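Asks: One structure, as structure tokens, below. Some questions next.
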Amino acid sequence: MSDHQTDSHSAAPVPADGSESVRAEVRREYAAKLAQAELKAHAAQAGIKLAEGFTDYLDSSKLLGEDGSPSAEAIAKALEPLKPAEPEFPQIQGMGYYPGPPFRPTPGVSLDIRNR
1 MSDHQTDSHS
11 AAPVPADGSE
21 SVRAEVRREY
31 AAKLAQAELK
41 AHAAQAGIKL
51 AEGFTDYLDS
61 SKLLGEDGSP
71 SAEAIAKALE
81 PLKPAEPEFP
91 QIQGMGYYPG
101 PPFRPTPGVS
111 LDIRNR
């Protein structure tokens, strides 16, 4: 048996012992895809609708933390400008019971006074 095996997707030899260098290469390869998936998930949770192809124009390396995994802080910072603004409603009383002065109709003019 040889020391190297070949992966089904590439012809390059892969060490049989699963060395750390191979794992690091795989992490680097899929870190950007994982960061984009995390970005889409955070956007969906926040109610943000991303435009089609939006993640294609993003630099995914900016969404990664020091250890190479997706950073929640960086993703939140990237989505901050896209969050919809909270609507500001005027502070009015609205419907309900609000005690106030009783309704008093305007005093009418007597018909007797008009005809004299």
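In terms of the UniProt record's numbering, the numbers along the sequence shown are unbroken and rise by one, the last being 116.
No residue lacks a Cβ here, since even glycine has one placed at the ideal position from N, Cα and C.
As the structure is a prediction and not an experimental result, all values here were calculated from the model.
Would you grab the beta carbon distance between A43 and L50 for me? Rounded to a whole angstrom, and I think it's under 8 Å.
Replies: Rounded, the Cβ-Cβ distance is 5 Å, consistent with contact.
Asks: Using CA coordinates, which residue listed in A35, S19, K83 is at the minimum distance from G47?
Replies: Checking every option, the nearest Cα to that of G47 belongs to K83.
Asks: Could you give the residue range of the alpha helix (DSSP H) that holds I75?
Replies: 72–79 is the extent of the alpha helix (DSSP H) around I75.
Asks: Please report the straight-line C-alpha distance between T55 and A24, rounded to a whole angstrom.
Replies: Spanning the two alpha carbons is a distance of roughly 24 Å.
Asks: Return the residue from the list P99, Q45, A74, G68 that minimises the CA-CA distance to L58.
Replies: Comparing Cα positions, the closest option is A74.
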